[in-house]
Amino acid sequence: MTRYGLRARVITLTLAPTLIIGLLLSAFFTLNRYNDLETQLITSGTDIIEPLAIASEYGMTQQSREAVRRLISYAHRKHSDIVRSIAVFDTHHELFVTSNFHPNFQSLTFDKTKPIPLLSSITQSKDNPNIKILRSPILAEGQFTSPSGKEVAPNQALGYIAIELDLSALRLQQYQEIVAALIVLLFGIGLSGFFAYRLMRDVTLPISHMVSVVDRIRRGHLDIRIEGKLHGELDTLKSGINAMAMSLSEYHVEMQHSIDQATSDLRETLEQLEIQNIELDIAKKRAQEAARVKSEFLANMSHELRTPLNGVIGFARQMLKTELTPNQVDYLQTIERSAQNLLSIINDILDFSKLEAGKLLLENIPFDLQDTLDEVVSLQATSAHEKGLEITLNIDPNIPQGMVGDPLRIQQVLTNLVGNAIKFTERGNIDIVAELRSNQDKKIEVQFMVRDTGIGISERQQAQLFQAFSQADASISRRYGGTGLGLVITQNLINQMGGEISLTSRLHQGSTFWFSVTFQATNMPIAPQIDSSTLQGKSILLVEPNMPAAAIIEQQLTRVGMHVTYQAQLADNSDHFDVVLLNLPPNIQHDQSSLFGIIQQGLTLSSQLILGLPSTELALAENLIKLYPIQCIAKPIVRRKLIQLMLPNQAKSTLLAAPQPQKSTLPLKVMAVDDNPANLKLISALLEEQVEHVTTCSSGLEAVEQAQQQKFDVILMDIQMPNMDGVTACQHIKKSALNSQTPIIAVTAHAIDGERERLLQAGMDDYLSKPIEEHILHQALVHWDPYAEEGTIERLDLADNHQGAVPGSLANVQQSSMSSIDWPKALKQAANKEALAKDMLQMLIEFLPEVDDSIEKAMTEPDEYQNQLLATIHKLHGSCAYSGVPKLQTLCATIETALRAEQNLAEIEPELFELQDEMEKVREDSKQYLAV
Numbered sequence: 010m011t012r013y014g015l016r017a018r019v020i021t022l023t024l025a026p027t028l029i030i031g032l033l034l035s036a037f038f039t040l041n042r043y044n045d046l047e048t049q050l051i052t053s054g055t056d057i058i059e060p061l062a063i064a065s066e067y068g069m070t071q072q073s074r075e076a077v078r079r080l081i082s083y084a085h086r087k088h089s090d091i092v093r094s095i096a097v098f099d100t101h102h103e104l105f106v107t108s109n110f111h112p113n114f115q116s117l118t119f120d121k122t123k124p125i126p127l128l129s130s131i132t133q134s135k136d137n138p139n140i141k142i143l144r145s146p147i148l149a150e151g152q153f154t155s156p157s158g159k160e161v162a163p164n165q166a167l168g169y170i171a172i173e174l175d176l177s178a179l180r181l182q183q184y185q186e187i188v189a190a191l192i193v194l195l196f197g198i199g200l201s202g203f204f205a206y207r208l209m210r211d212v213t214l215p216i217s218h219m220v221s222v223v224d225r226i227r228r229g230h231l232d233i234r235i236e237g238k239l240h241g242e243l244d245t246l247k248s249g250i251n252a253m254a255m256s257l258s259e260y261h262v263e264m265q266h267s268i269d270q271a272t273s274d275l276r277e278t279l280e281q282l283e284i285q286n287i288e289l290d291i292a293k294k295r296a297q298e299a300a301r302v303k304s305e306f307l308a309n310m311s312h313e314l315r316t317p318l319n320g321v322i323g324f325a326r327q328m329l330k331t332e333l334t335p336n337q338v339d340y341l342q343t344i345e346r347s348a349q350n351l352l353s354i355i356n357d358i359l360d361f362s363k364l365e366a367g368k369l370l371l372e373n374i375p376f377d378l379q380d381t382l383d384e385v386v387s388l389q390a391t392s393a394h395e396k397g398l399e400i401t402l403n404i405d406p407n408i409p410q411g412m413v414g415d416p417l418r419i420q421q422v423l424t425n426l427v428g429n430a431i432k433f434t435e436r437g438n439i440d441i442v443a444e445l446r447s448n449q450d451k452k453i454e455v456q457f458m459v460r461d462t463g464i465g466i467s468e469r470q471q472a473q474l475f476q477a478f479s480q481a482d483a484s485i486s487r488r489y490g491g492t493g494l495g496l497v498i499t500q501n502l503i504n505q506m507g508g509e510i511s512l513t514s515r516l517h518q519g520s521t522f523w524f525s526v527t528f529q530a531t532n533m534p535i536a537p538q539i540d541s542s543t544l545q546g547k548s549i550l551l552v553e554p555n556m557p558a559a560a561i562i563e564q565q566l567t568r569v570g571m572h573v574t575y576q577a578q579l580a581d582n583s584d585h586f587d588v589v590l591l592n593l594p595p596n597i598q599h600d601q602s603s604l605f606g607i608i609q610q611g612l613t614l615s616s617q618l619i620l621g622l623p624s625t626e627l628a629l630a631e632n633l634i635k636l637y638p639i640q641c642i643a644k645p646i647v648r649r650k651l652i653q654l655m656l657p658n659q660a661k662s663t664l665l666a667a668p669q670p671q672k673s674t675l676p677l678k679v680m681a682v683d684d685n686p687a688n689l690k691l692i693s694a695l696l697e698e699q700v701e702h703v704t705t706c707s708s709g710l711e712a713v714e715q716a717q718q719q720k721f722d723v724i725l726m727d728i729q730m731p732n733m734d735g736v737t738a739c740q741h742i743k744k745s746a747l748n749s750q751t752p753i754i755a756v757t758a759h760a761i762d763g764e765r766e767r768l769l770q771a772g773m774d775d776y777l778s779k780p781i782e783e784h785i786l787h788q789a790l791v792h793w794d795p796y797a798e799e800g801t802i803e804r805l806d807l808a809d810n811h812q813g814a815v816p817g818s819l820a821n822v823q824q825s826s827m828s829s830i831d832w833p834k835a836l837k838q839a840a841n842k843e844a845l846a847k848d849m850l851q852m853l854i855e856f857l858p859e860v861d862d863s864i865e866k867a868m869t870e871p872d873e874y875q876n877q878l879l880a881t882i883h884k885l886h887g888s889c890a891y892s893g894v895p896k897l898q899t900l901c902a903t904i905e906t907a908l909r910a911e912q913n914l915a916e917i918e919p920e921l922f923e924l925q926d927e928m929e930k931v932r933e934d935s936k937q938y939l940a941v
């Protein structure tokens, strides 16, 4: 407690009881005295009025006013200090006689409507609070005869007397009593205050002084002591504090000595640490310099190696487009695969560097898991079949077709795991499994497993697997090759995707690597659907010596609705089948006579024989197709290719390229609407090849005007446009007389989950996402052709044309990482017209300065220019969809999604800077394609 707090406590505890008791006693005695004085006054008035009432009996009986006046006048004079007036009234409440004049005698009378009471009464004056009125009846005590001769009965009221008592003197005396009580109270408080002061001086002041001394001791003044003579416990407390101060002083001296010694030791230690820090700083600079040299080396080596590899891959692909023999095609494909393998090693090293620096970006696009995994298996099949291994792919049928994620990184992870499985397996199977773990709230968790029958990994070696530049055994790299980075990159990629990876393995018994990744669900169809209804109920004989592969193929065919008969080896059978699927093992050892015998035996069982060959037997497939009426398919069997092969009017072999069908022009009148000139030009070029008449509009308002003037068969409508968006324009066109029934197809680059359903509910008839693939556009036009015969057109899902939704080959992934422009992709998006592709790219380059300006304005004043930035990014996104710039397109999609979610510009500032860097790269890379 502080000094003032202690004083306040003493004063409060001393004065409060005295004040409370004094107030209570003063109030009690003052109130009693107050009431006693008033009671005494009323008693005195009663003593006056009652004798007067008795004495006035005779005068009232005889009606002697003079006698009554003398009587009341004498009483008034004798008690004039308290009596103001005395009045006598007869039985009729009329004034009989008074001792002095009164201005209002009516206030002294009883209630005239009631009989005269036989008892005295006391009332308060209504006009003056200091006046009390006493009334007493005059009763006949004996039997008298009035002067008129009338007898007066006993106890009969002859009248009454009223006296006014003055309370002014009483009030003064009461106030004097109150003042006296207050004086006594104040005297008591003062006396208590005096004793409180003495207590405070004798107790609280010494205590406060002790507190001050203790505080100074606490602050380091250990030589100070408490002086003076104190009494009782305070003197004991003083001695204790002084003893404590002496002990602290002695301890302080010892502690100071220890501190000096410790300081001396610490100084020597700091000198040693400073020397070590200098040495560490030198070592750190050396390490940083080594890291810089390593990064420069990786960049330089990457460039030096990629340049000749790009030449090898590029010219190999160009050669594949020429007329070649099957052997030459096989040799060139081998050259390309070898170059791709070397390029993948370089990409591993660069990906590892990016992962270390935290600069590896993940895409978030719709894709089809079946097609993604089929591509991985197809690319790895050759390596597996060359070693005589069987490779299988089993996908859980409960996994949805469309998901949103990064398919290229999923392919990269699986390619690494499958490649390792093939590398370390000498015989047996490589099994790839995708299972659905959970499907809740549009989040799909899928677990991938890669199982092999290879050399296995011991528990001690498993601890080294996910370390950079290390392998399970020092001899492995010498025997099998590899950089030792694959699993490190795989683990980091999976961690970035929010998943986890692990393995189970036993030495010499194979390994199983598994990882789980969560994707977003999408209702947008990704891949075109195949109408397999004609295959339902058909019988098929499956011949597959490998049991796991046979089980997967049988499950796929059963889901289609076919009746499957399985045999491990082709045997004599009297039954006839609609289709015979005869699969040969990868390590096939055959001569022509035995193989021809198997084929002839299969042809006796069915007129449609499909021969499943290892991917290494391309030349064999070509020869067999020339000799026999059979179809060939590469193993592992891809479900989509197998179904297409069994359908009528399909190509004879999926191992050989099928000729492109000749396109016919549809007799349609089509209007294309897009505010982006590049998009509009490309759509117009694609439509001119497929329909007879094309009308283009650059805005929604212009489209509405055209729709009111002429009839169209199909309308392709962009969604995001200034002034009037595509949905509003669609609603206006549907209200027009000419085109109320015209199908309107939405075309947008914003292919997010739920966008298709939203647009269809808003009035659109169909949905296409940018970039538009030529064959998808053709399917849409055929489907909505009003001149086609009813029932001859089967509807296909058209929303699978999002570039990147169905991933390209790994070669395309690697190529896209080298340059900002994927020229083959740009040519494909421009219907293989080089001049159109260059025009699209040129229009994109011309639009980039406007994007830079919008970004700068938005970063300076985000509140004013954020909506303008969203419109600009959406326009750039649409242009990228037709210009072969996948990375720039991905960045636009990411930023556009963030802006639509109303994220703060500060949160997406890194992406905006990356977008500007990528635009600059596109400008530089475009020079080689736009050079005259």
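If you want my numbering, it's the position in the sequence shown, counting the first as 1, plus 9.
Note that the Cβ used here is the ideal one computed from N, Cα and C, for glycine as well.
Computed from a prediction, not measured in an experiment: that's the story for all the values here.
Taking residue i as the reference, give the member of the options with the closest Cα.
i: K866; options: T881, I854 and M852; result: T881
i: E873; options: L914, Q898 and A846; result: L914
i: G31; options: E920, E150 and A190; result: A190
i: T543; options: I453, L656, Y260 and T132; result: L656
i: S248; options: V223, K432, V77 and A271; result: V223
i: Q937; options: I830, R909, K834 and L836; result: I830
i: K720; options: P686, S708 and Q750; result: Q750
i: E859; options: R207, Q389, A149 and H883; result: H883
i: F114; options: K123, R93 and S129; result: R93
i: G241; options: D540, I63 and P215; result: P215
Sorted by chain position, which residues of the same chain lie with C-beta nearer than 7 Å to residue i's C-beta, five sequence neighbours on each side aside?
i: N139; result: D175, L176, S177 and R180
i: I917; result: I904 and A907
Only counting the same chain, and skipping five residues up and downstream in sequence, which positions put a Cβ closer than 6 Å to that of residue i?
i: F922; result: none
i: V682; result: C706, A712, M726 and D727
i: S514; result: G465, I466 and S520
i: Q729; result: H883
Tell me, to the nearest whole angstrom, how far the beta carbon of residue i is from that of residue j; I am working on the premise that it is less than 8 Å.
i: R144; j: F119; result: 6 Å
i: D461; j: S520; result: 6 Å
i: F98; j: Y169; result: 6 Å
i: A839; j: L612; result: Wrong, their Cβ atoms sit about 45 Å apart, outside the cutoff.
i: P557; j: D440; result: 6 Å
i: E920; j: T906; result: Contact doesn't hold; Cβ gap of about 10 Å is too wide.
i: L591; j: G621; result: 7 Å
i: L550; j: A559; result: Contact flag wrong, Cβ pair sits at about 12 Å.
i: T424; j: L388; result: 7 Å
i: T499; j: L426; result: 7 Å
Sorted by chain position, which residues of the same chain lie with C-beta nearer than 8 Å to residue i's C-beta, five sequence neighbours on each side aside?
i: W793; result: D722, V723, P752, I754, D774 and D775
i: G507; result: V526 and T527
i: L939; result: K847, L850, Q851 and I854
Can residue i and residue j be called in contact, C-beta distance under 9 Å?
i: E173; j: I142; result: yes
i: P623; j: L593; result: yes
i: L378; j: M412; result: yes
i: T401; j: I561; result: yes
i: R765; j: N448; result: no
i: I642; j: I619; result: yes
Threshold first: 4 residues or longer. Then list the alpha helix (DSSP H) segments lying entirely within the region 541–570, N to C. Taking only runs of at least 4 residues, the alpha helix (DSSP H) segments lying wholly in the region 541–570 are 556–569.
Please go through the region 826–898 and give each complete alpha helix (DSSP H) segment of 4 or more residues, from N-terminal end onward. Here the runs fully enclosed are 832–838, 843–869 and 871–889.
Runs of alpha helix (DSSP H) lying entirely within the region 12–71, each at least 4 residues, in chain order: Those alpha helix (DSSP H) runs which fall completely within the region 12–71 and span 4+ residues are 12–70.
Could you tell me which whole alpha helix (DSSP H) segments of length 4 or greater appear in the region 692–753? Fully enclosed alpha helix (DSSP H) runs of 4 or longer: 709–718 and 735–744.
Considering only residues of the region 390–422, which uninterrupted alpha helix (DSSP H) runs meet the minimum length of 4 residues and lie entirely inside it, listed in chain order? Listed in chain order, there is nothing to give.
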